[in-house]
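Protein chains in written order, with our numbering: chain X, 1 to 209; chain V, 1001 to 1138. We put the beta carbon where it would ideally sit given N, CA and C, even for glycine.
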């Protein structure tokens, strides 16, 4: 049992947040101009230079790019690189992160539409799918945010965890944060408290090794 | 527990067989089923590439909604058998294996069948009918 990664999408199809744990096969860093918003994840951001440049203005006390705190899981996950050669024991999916994020969203959206069409009910939800290597879980909020989590194929539903992330860290550090522009379409959720709090929540789970 | 429907998708993503059993899902037109089968074929290919861990991954094997699930059997030749069932249905994998056997016997051994084309074989219809019946499985 384990948890591999978490994606959060807003209602405009943008990936606003990404974090991973125990991921032995990772995407390549996103290419610049690939459509990934700044601040989604340090581990897969295109280049440090551009990110620091264009978000200078929007930073206040939550200055996440100032270098004080690096994305919490990055240190033990695979150090500060990711730009360089993959670590031993890690392979690459061969996909840049921006492509991967779009594929995940595409699959989730297509399956949701398929479930609605097949059942004939407008409110039918797509819940999860399983392959031989992983299981993908989806939780969609009324406001159109989609929380997507990849975990162990044999595991039970992780929707309650996604809901916990929504009613806990997400409401606390994103929705109730006056410095956060919701629905901005320009920045991801770049908030160290949010990142740390999700990390704590996930690492404290019984399903986490 | 119920079996709602069975699809057979050829290796190019075309729907070659579709049959409904128990009620519970929407009744769609054959065109809509064709579109959904094509979509599923594409999704299936993508899902095998999204694996977060090393080693090969199959495509999606089970897709769950709130009120039904789809179980997918991919054969070595690329044909997909899809069974739409209720969530509580536990025999989906076994039924699919049996469907595959019936397909081998009644479709592949039929000299008048053109591979990759829609299945129009009474023998297959009858044997699927005896296997699944009206889709109610206790």
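Closer than 7 Å at the C-beta level to chain X, one finds these residues of the region 1052-1072 of chain V: 1052, 1053, 1054, 1055, 1057, 1058, 1059, 1060, 1061, 1062, 1063, 1064, 1065, 1066, 1067, 1068. Using a Cβ-Cβ cut-off of 7 Å, residue 1015 of chain V does not count as an interface residue toward chain X, since no Cβ of chain X sits closer than that to its own. The C-alpha of residue 208 of chain X lies about 52 Å from the C-alpha of residue 1110 of chain V. Residue 1106 of chain V is not a Cβ neighbour of residue 1091 of chain V, given a cutoff of 7 Å. Residue 1003 of chain V sits in a strand when the DSSP states are folded into three classes. Of all residues in the region 115-132 of chain X, only 115, 116, 117, 118, 119, 120, 121, 123, 124, 125, 126, 127, 128, 129, 130, 131, 132 place a beta-carbon less than 9 Å from a beta-carbon of chain V. About 18 Å separates the beta carbon of residue 2 of chain X from that of residue 1058 of chain V, a gap too long to meet the 8 Å contact definition.
Assignment of residue 96 of chain X by DSSP, reduced to helix, strand and coil, places it in the strand class. With a threshold of 16 other beta carbon atoms within 10 Å, residue 1061 of chain V meets it and is buried. With a beta-carbon spacing of about 7 Å, residue 1095 of chain V and residue 1003 of chain V fall inside the 8 Å limit used to define contacts. Chain X places a beta carbon closer than 7 Å to that of residue 1026 of chain V, counting this residue as a contact. At a cut-off of 7 Å, the C-beta of residue 7 of chain X has no neighbouring C-beta in chain V.
Under the criterion of beta carbons closer than 8 Å, residue 1052 of chain V and residue 157 of chain X do not qualify as touching, at roughly 18 Å. Non-local C-beta neighbours of residue 36 of chain X in its own chain, meaning closer than 6 Å and more than five positions away in sequence, comprise 30, 98, ordered along the chain. For the 7 Å CB-CB criterion, residue 1043 of chain V and residue 110 of chain X form a contact.
When the beta-carbon positions are compared, residue 135 of chain X and residue 128 of chain X come within less than 7 Å of each other. Residue-level contact check: residue 91 of chain X touches chain V, since one or more beta carbons of chain V fall below 7 Å from its beta carbon.
Look at the beta carbons and you see the region 15-31 of chain X touching the region 181-201 of chain X: at least three pairs across the two are nearer than 8 Å.
DSSP places residue 1098 of chain V in the helix class (H, G or I) of the three-state scheme.
By a beta-carbon distance limit of 8 Å, residue 1009 of chain V contacts residue 1041 of chain V. Their separation comes to about 6 Å. Separation of the CB atoms of residue 1087 of chain V and residue 1069 of chain V is rounded to 5 Å, and the pair is thereby assigned contact status at 8 Å. Assignment of residue 164 of chain X by DSSP, reduced to helix, strand and coil, places it in the helix class.
Going by DSSP, residue 1010 of chain V is part of no alpha helix (DSSP H) at all; its letter is neither H nor E. 7 Å or more divides the Cβ of residue 199 of chain X from the Cβ of residue 39 of chain X. At a cut-off of 7 Å between beta carbons, residue 1087 of chain V makes no contact with chain X. Here the alpha carbons of residue 1021 of chain V and residue 1132 of chain V stand approximately 8 Å from one another. Between residue 1100 of chain V and residue 1137 of chain V the beta-carbon gap is near 18 Å, outside 8 Å, which marks them as no contact. Using a Cβ-Cβ cut-off of 9 Å, residue 100 of chain X is close to 1049, 1050 of chain V, given in chain order. Residue 1066 of chain V places its beta carbon less than 7 Å from that of residue 125 of chain X.
Around the beta-carbon of residue 170 of chain X, 16 or more other beta-carbon atoms lie within 10 Å, marking it buried. Apart from sequence neighbours up to five positions away, the residues of its chain that approach residue 94 of chain X with a beta-carbon distance below 8 Å are 28, ordered along the chain. Here residue 9 of chain X has 15, 105, 146 as same chain residues with Cβ atoms under 6 Å from its own Cβ, once five neighbours each way along the sequence are excluded.
At least 7 Å separates the CB of residue 162 of chain X from every CB of chain V. Taking a contact as a CB-CB distance under 8 Å, the pair residue 1037 of chain V and residue 1007 of chain V counts as one, their CB atoms being some 6 Å apart. The beta carbon of residue 153 of chain X sits closer than 8 Å to those of 130, 131, 132, 133, 134, 135, all from its chain and outside the five residues before and after it, given in chain order.
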